[in-house]
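Just so we're aligned: 67 in this note's numbering is position 67 of the sequence shown, and the numbers increase by one with no gaps anywhere.
Input: a single structure, listed below in structure tokens.
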Amino acid sequence: MRTSSSIALFTVLGFTSCAPRDDAGGRQNATVLAADCYSVTQIDNRKFGGGVAPPHDIDERGRLLFDRFIWDHGERTPLRAPEGWVAAGAVDFNERGDVVGTVLRELGAGARRPIVWWHDGTVALLPEVASLNEVLEITERGHVLARTYDGRAWDVVLYRDGAWIDLGRGIAYDVNDDDEVVLVDDRRAVLWKDGARIDLGLDGALTMKLNDHGQVIANAERAGPGTEAAFLWETGVARMLPALPSLGDAQQWSATAINERGDVAGLVIPSSTSTYFSYAVLWRGGAPTVLADWSAGVLDLNDAGQVFGNARRGDVLRPFVWDRGTYVELPMPFVARSATGYADGRKSINERGDVFFNMKPVDGISHTLLWRNDLCGRPEPEPEEPGE
């Protein structure tokens with residue numbers, strides 16, 4: 001499942017493993033990962049006609065979804081359009097291997113048409129959607145979330161049971177496997193559930209995500225306009241996630257990802273610094289833990305509580321994985337000072353801890369880097385049940 005968010009920081013670090021602190025100054029010393037647990041593969045992601053196309057998603061088998069193909073341990077399976085059509089691009093796939101995207105008429109006439117490449121090898125053109133803006137994702141049940149825009153207003157549509165359902169006005173951001181959808185309508189955070197729209201009581205909402213338990217994270221205004229904070233909504237109540245007490249009130253913070261146990265990962269930005277700086281943070285049980293003492297951002301979070309991010313030390317970027325108190329810088333095949341890729345919260349870590357990111361060498365074109373967690377002979381981490 002892929003989720004949408006405007007937050008992704010392209011930042012990173014050196015080669016050491018360190019024990020980060022929580023905001024109260026306590027040290028965390030669990031050791032479960034090391035840099036040599038990871039192998040790195042450099043994938044050529046150049047498009048025909050020029051440019052690069054970063055992956056959209058990673059599944060539990062370590063397969064990557066690109067615009068026109070699925071990459072599987074060095075093999076590429078093309079996503080072919082039906083006769084008379086050309087693939088405009090895939091956007092998401094589920095664990096069964098169903099892929100959703102859009103196609104165009106070969107002669108370029110008409111609007112884009114949603115399409116699903118089913119895991120059994122069949123291909124289905126979905127019914128046309130008026131004023132289609134973007135197909136967002138496909139659930140494990142094969143339902144599809146999309147946005148429309150007619151030049152005046154945004155609308156949310158969900159494909160299930162062979163037809164598109166109009167969920168009303170708003171900009172959709174995420175859907176879970178119970179067909180619950182989070183959206184922003186006129187700057188208000190809204191949850192669509194069982195045909196009803198629930199106002200979450202948050203104004204100035206920017207981005208939203210939810211898990212399969214119906215917990216929702218939203219970045220919205222606090223104490224007036226212009227000040228962003230992260231909120232967690234559950235069982236009818238929205239509460240603001242705490243910031244870092246050591247920074248006082250001069251800060252803003254946002255949530256990037258939520259997992260099935262209710263952990264939330266994001267960043268905190270002190271507003272008092274003369275240059276940009278952000279702390280990568282994990283909220284577990286509502287309490288924030290700083291993952292590194294240098295500027296870093298969070299890209300994704302899995303159900304085992306492993307955080308994938310990117311940090312900057314000096315002018316060099318390096319990705320990292322944080323796992324239960326251990327910060328691991330991932331091996332790099334080249335020096336990178338910039339990164340390119342989608343900045344909308346697409347899934348970039350699976351439950352094994354495999355991760356991908358699109359990074360650019362100092363003197364070359366960008367490449368997709370896939371880090372496989374070889375686990376150093378240890379059992380794979382089991383996701384912790386919510387409440388444990």
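The C-beta atom is built at its ideal place from N, Cα and C for all residues, glycine as well.
Environment of residue i [buried if 16+ CB atoms lie within 10 Å]
{"i": "residue 245", "result": "exposed"}
{"i": "residue 7", "result": "Annotation note: pLDDT 33 at residue 7 (below 50); position unreliable, coordinate value reported separately. It is buried - the Cβ of residue 7 has at least 16 other Cβ atoms within 10 Å."}
{"i": "residue 30", "result": "With a pLDDT of 34 at residue 30, under the threshold of 50, the modelled position of that residue is not reliable, and no figure is offered here."}
{"i": "residue 93", "result": "buried"}
{"i": "residue 173", "result": "buried"}
{"i": "residue 231", "result": "buried"}
{"i": "residue 329", "result": "buried"}
{"i": "residue 281", "result": "buried"}
{"i": "residue 338", "result": "exposed"}
{"i": "residue 287", "result": "exposed"}
{"i": "residue 279", "result": "buried"}
{"i": "residue 38", "result": "buried"}
{"i": "residue 334", "result": "exposed"}
{"i": "residue 128", "result": "exposed"}
{"i": "residue 327", "result": "buried"}
{"i": "residue 295", "result": "buried"}
{"i": "residue 365", "result": "exposed"}
{"i": "residue 73", "result": "exposed"}
{"i": "residue 180", "result": "buried"}
{"i": "residue 19", "result": "Caution applies to residue 19, whose pLDDT of 42 falls short of 50 and renders its modelled position unreliable; the model cannot decide the point."}
{"i": "residue 254", "result": "buried"}
{"i": "residue 248", "result": "exposed"}
{"i": "residue 300", "result": "buried"}
{"i": "residue 145", "result": "buried"}
{"i": "residue 368", "result": "buried"}
{"i": "residue 27", "result": "At residue 27, the pLDDT of 32 sits below 50, so the modelled position is not reliable and the matter cannot be decided from this model."}
{"i": "residue 118", "result": "exposed"}
{"i": "residue 346", "result": "buried"}
{"i": "residue 186", "result": "exposed"}
{"i": "residue 271", "result": "exposed"}
{"i": "residue 46", "result": "exposed"}
{"i": "residue 114", "result": "buried"}
{"i": "residue 161", "result": "exposed"}
For residue i, the first and last residue of its enclosing beta strand (DSSP E)
{"i": "residue 145", "result": "144 to 149"}
{"i": "residue 252", "result": "251 to 258"}
{"i": "residue 133", "result": "132 to 138"}
{"i": "residue 266", "result": "264 to 270"}
{"i": "residue 42", "result": "38 to 43"}
{"i": "residue 368", "result": "367 to 373"}
{"i": "residue 240", "result": "237 to 240"}
{"i": "residue 155", "result": "154 to 160"}
{"i": "residue 312", "result": "307 to 313"}
{"i": "residue 300", "result": "296 to 301"}
{"i": "residue 78", "result": "75 to 78"}
{"i": "residue 338", "result": "336 to 339"}
{"i": "residue 105", "result": "99 to 105"}
{"i": "residue 115", "result": "113 to 117"}
{"i": "residue 174", "result": "171 to 175"}
{"i": "residue 88", "result": "85 to 93"}
{"i": "residue 360", "result": "355 to 361"}
{"i": "residue 276", "result": "Note, residue 276: premise wrong, no beta strand (DSSP E); not H, not E."}
{"i": "residue 52", "result": "No beta strand (DSSP E) contains residue 52, which DSSP labels as neither H nor E."}
{"i": "residue 318", "result": "316 to 323"}
{"i": "residue 349", "result": "Taken as a continuous stretch (DSSP letters only), residue 349 belongs to no beta strand (DSSP E), as it is neither H nor E."}
{"i": "residue 331", "result": "First-last for residue 331: undefined, no H or E at that position."}
{"i": "residue 69", "result": "69 to 72"}
{"i": "residue 124", "result": "123 to 125"}
{"i": "residue 182", "result": "181 to 185"}
{"i": "residue 288", "result": "287 to 290"}
Distance between beta carbons of residue j and residue i, contact taken as under 8 Å
{"i": "residue 310", "j": "residue 357", "result": "7 Å"}
{"i": "residue 147", "j": "residue 158", "result": "Contact doesn't hold; Cβ gap of about 11 Å is too wide."}
{"i": "residue 54", "j": "residue 65", "result": "Their Cβ separation, rounded to whole angstroms, is 10 Å, which puts residue 54 and residue 65 out of contact at 8 Å."}
{"i": "residue 183", "j": "residue 216", "result": "About 11 Å; that fails the 8 Å criterion."}
{"i": "residue 96", "j": "residue 140", "result": "7 Å"}
{"i": "residue 302", "j": "residue 351", "result": "5 Å"}
{"i": "residue 283", "j": "residue 317", "result": "No, residue 283 and residue 317 are not in contact; Cβ-Cβ is about 25 Å, not under 8 Å."}
{"i": "residue 197", "j": "residue 168", "result": "6 Å"}
{"i": "residue 218", "j": "residue 189", "result": "5 Å"}
{"i": "residue 112", "j": "residue 125", "result": "So it is not a contact: roughly 11 Å between Cβ atoms."}
{"i": "residue 88", "j": "residue 79", "result": "At roughly 11 Å, the Cβ-Cβ gap does not stay under 8 Å, so residue 88 and residue 79 are not in contact."}
Fully enclosed by the stretch 189 to 227, which beta strand (DSSP E) runs are 3 residues long or longer?
-> Correct list: 196 to 203, 207 to 210 and 216 to 221.
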